[in-house]
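Student:
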Amino acid sequence: MRLKGGGLAPQLTSAMSSAAGPDPSEAPEERRFLSTAEAAALERELLEDYRFGRQQLVELCGHASAVAVTKAFPLPALSRKQRTVLVVCGPEQNGAVGLVCARHLRVFEYEPTIFYPTRSLDLLHRDLTTQCEKMDIPFLSYLPTEVQLINEAYGLVVDAVLGPGVEPREVGGPCTRALATLKLLSIPLVSLDIPSGWDAETGSDSEDGLRPDVLVSLAAPKRCAGRFSGRHHFVAGRFVPDDVLRKFALRLPGYTGTDCVAAL
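Numbered as in my numbering, the sequence shown ends at 251 without a single skipped number.
(1) State the beta-bridge partners of threonine 100 as determined by DSSP.
(2) Take serine 173 as the anchor and find which of Thr57, Arg93, Glu133 and Met122 has the nearest alpha-carbon.
(3) Who pairs with aspartate 109 in a beta bridge, going by DSSP?
(4) Report all residues from its chain with a CB closer than 6 Å to the CB of proline 175; omit the five preceding and five following residues, and keep chain order.
(5) DSSP on glycine 8, reduced to helix/strand/coil?
(6) Specify, as a first and last residue, the run of the alpha helix (DSSP H) that serine 52 falls within.
(7) Rounded to whole angstroms, what is the Cα-Cα separation between leucine 232 and arginine 238?
(8) Any idea which residues DSSP pairs aspartate 229 with across the strands?
(9) Out of Lys58, Tyr129 and Glu98, state which residue places its alpha-carbon closest to the alpha-carbon of serine 66.
(10) Give a single yes or no on whether arginine 210 has its beta carbon closer than 8 Å to a heavy atom of the ligand FAD.
(11) What is the DSSP secondary structure of valine 146, reduced to helix, strand or coil?
(12) Taking the straight line between their C-alpha atoms, what separation do you get for leucine 179 and lysine 68?
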């Protein structure tokens, strides 16, 4: 999910106007993934027709991302060291979702630390950063290049660096270097929406594309998720109204009880 400024994925405005709905030639039972333009159109429905707010969607996605972490790595089964989570955030919208995820992980009694090397001046990012700071979540001033230090210090990593349509070169050197380091880790990696460095359509990856163990698709899975081969894939989209899912002919697994995520 990439909300920026007052809207979603502004670079896709023209694409959204031509992709107001799914390809009618594709059978509903086969539609588990959305193209980039379709995902942008779905998000536009939430913002414009349903009047969701930008901060509201970020909060919903960040909370659900944290819940997905608890599903994949239940707290009772973890040692004290395994409860430590490094959340790596970029300056775009996935970074904002990562900040919310870290805050909720703290509430869920995990021990998050945030690496946020290129901070956005956007007011929402600043507010979310303040919330984390006031909850005494530590922020790293740098990310060690010696991967063994990270492997020994943390139980898992959350990748909230790049979202759909964001290239590594757009977020600057510190984030690009962080991705190169994350690619070498041996501890579990959780990516939010798409693995950083992947093409949202094809799943082809850049030189620094990650290989996560867990993927959390926000709102609905993007096409690249069809190439994901990790251990767990969750969709965090219970806030998407049923008629919107029907409009895009999405057939996703049902949510159990009051769960806000579902396993794919």
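We put the CB at the ideal spot given by N, CA and C, even for glycine.
Tutor: In short:
(1) Leu73
(2) Glu133
(3) In the DSSP output, where bridge partners are listed per residue, aspartate 109 has none listed.
(4) Leu143 and Asp200
(5) Low per-residue confidence applies at glycine 8: pLDDT is 46, beneath 50, and the placement is therefore not dependable enough to give any value.
(6) 41 to 59
(7) 8 Å
(8) Looking at the DSSP assignment, aspartate 229 forms no beta bridge with any residue, so it has no partner.
(9) Glu98
(10) Among the components of this structure there are no ligands whatsoever, and the ligand FAD is therefore not found.
(11) Correcting the residue type first, residue 146 is aspartate in the shown sequence and not valine. Reduced to three states, the DSSP call for aspartate 146 is strand.
(12) 22 Å
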